[in-house]
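> Dumping the structure here so I can ask a few things about it.
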Ligand SMILES: C[S@@+](CC[C@H](N)C(=O)[O-])C[C@H]1O[C@@H](n2cnc3c(N)ncnc32)[C@H](O)[C@@H]1O
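In our numbering, the protein residues as written are 2 to 250.
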């Protein structure tokens, strides 16, 4: 059953924030240690790619309806997929709408390489991929009209900073669509499998990614996105996923 909560910023989200002032939406960050640690997505990229393409929910329809309710995006649309992994949504949107331009950014060079190769195979000239850090995007303010991020916050320790970057790079009238798992057990299976395979292949046992996915409880999920002054924010849950659609004035 679909549960939809249209978060009015003043009535719902701000009380959540104020009544839960102690809620930590991001955890303390051992940034240097983390940056030194190995990147699990470099060691077992194919496992994640398989899960993304064959196992996880495909939210393309939801994304299109949220971004372009009339169904057809204007040619000026510039879409960013953050933490794109194998670039599933970036490539799907670029393939569906050849008039838009799409950029995918990810910190795994393996996954960026895979995403580029797949885009080239399909001659997606409107789709590019860059290696980068969602916490320090090189793009200037107001660069994109739409932004997608899926399953990123389960492994990101500095979540508020990522949301601030999302807000910064979106232009006026821009929209951000977020899809995150709700249940730690199922969300952790790909991470645990990647660790096991990396270990069998003789790689490190220490990774920057958490052993288990850190899934946000729904009030925390709402509070995280309410850290930026969106003109409108809607959050909802469907089965194993929670969603946010945020709009910037
Ligand atoms: C769980 S995967 C999600 C991939 C894809 N968005 C999906 O829907 O399946 C998280 C992705 O975020 C990337 N990532 C993690 N931290 C990042 C960072 N600081 N900057 C950019 N990408 C990051 C990882 O390399 C990985 O590809």
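The beta carbon of each residue, even a glycine, is placed where N, CA and C say it ideally should be.
#1: Between the stretch 167–174 and the stretch 127–142, do at least 3 Cβ pairs fall closer than 8 Å?
#2: Can you say whether residue 1 is buried or exposed, counting buried as having 16 or more other CB atoms within 10 angstroms of its CB?
#3: Do you know offhand how far residue 184's Cα is from residue 212's?
#4: Which of the three DSSP states is assigned to residue 62 in this structure?
#5: Taking the alpha helix (DSSP H) that residue 165 belongs to, which residues open and close that run?
#6: Report the residue from 45, 40, 60 and 177 whose alpha carbon sits nearest the alpha carbon of residue 199.
#7: Taking 7 Å as the cut-off, is the CB of residue 175 close to at least one heavy atom of ligand 1?
#8: Can you name the residues that DSSP bridges to residue 151?
#9: Reducing DSSP to helix, strand and coil, say where residue 194 ends up.
#10: Measuring alpha carbon to alpha carbon, tell me which of 114, 95, 195 and 130 ends up nearest residue 123.
#11: What is the DSSP secondary structure of residue 247, reduced to helix, strand or coil?
#12: Going by alpha carbons, who is nearest to residue 179 out of 249, 82, 78 and 125?
#13: Who are residue 88's beta bridge partners in DSSP?
#14: Quick check: the Cα distance between residue 205 and residue 92, rounded to an integer number of angstroms?
#15: Between residue 84 and the rest of its own chain, which residues show a CB-CB distance below 7 Å, the 5 nearest in sequence each way excluded?
#16: Could you please give me the residues that DSSP links to residue 225 through a beta bridge?
#17: Three or more C-beta pairs under 8 Å: does that hold for the stretch 56–72 against the stretch 237–246?
#18: Less than 8 Å between CB atoms is the rule here; does residue 117 satisfy it with respect to chain B?
#19: Note down the Cα distance separating residue 131 from residue 90, rounded to an integer number of angstroms.
#20: Measuring only the C-alpha atoms, how far is residue 55 from residue 112?
#21: Just to confirm, does residue 156 get its C-beta within under 7 Å of one of the non-hydrogen atoms of ligand 1?
According to the structure shown:
#1: The stretch 167–174 is in contact with the stretch 127–142.
#2: The requested residue 1 is not part of the displayed model; the chain covers only 2 to 250.
#3: Approximately 14 Å between the Cα atoms of the pair.
#4: Residue state for residue 62 is assigned as helix, using DSSP reduced to three classes.
#5: Where residue 165 is concerned, the enclosing alpha helix (DSSP H) starts and stops at 160–170.
#6: Of 45, 40, 60 and 177, the residue nearest in Cα terms is 45.
#7: For residue 175, the distance from the CB to the nearest heavy atom of ligand 1 is not below 7 Å.
#8: Within the DSSP bridge table, the entry for residue 151 names 180 as partners.
#9: Residue 194: helix per DSSP, three-state reduction.
#10: Closest by alpha carbon: 95.
#11: Residue 247 sits in a strand when the DSSP states are folded into three classes.
#12: Closest option to residue 179, judged by alpha-carbon separation, among 249, 82, 78 and 125: 82.
#13: In DSSP, residue 88 forms no bridge with anything.
#14: Cα to Cα, residue 205 sits roughly 31 Å from residue 92.
#15: If the five residues before and after residue 84 are omitted, its C-beta is found closer than 7 Å to the C-beta atoms of 107, 135, 150 and 153, all from its own chain and listed in chain order.
#16: Looking at the DSSP output, residue 225 bridges to nothing.
#17: Output reads yes: the stretch 237–246 touches the stretch 56–72.
#18: Among the protein chains of the structure shown there is no chain B, as only one such chain exists.
#19: Taken atom to atom, the span from the alpha-carbon of residue 131 to that of residue 90 is near 15 Å.
#20: If you draw a straight line from the Cα of residue 55 to the Cα of residue 112, it is about 16 Å long.
#21: Short note on residue 156: C-beta closer than 7 Å to some heavy atom of ligand 1.
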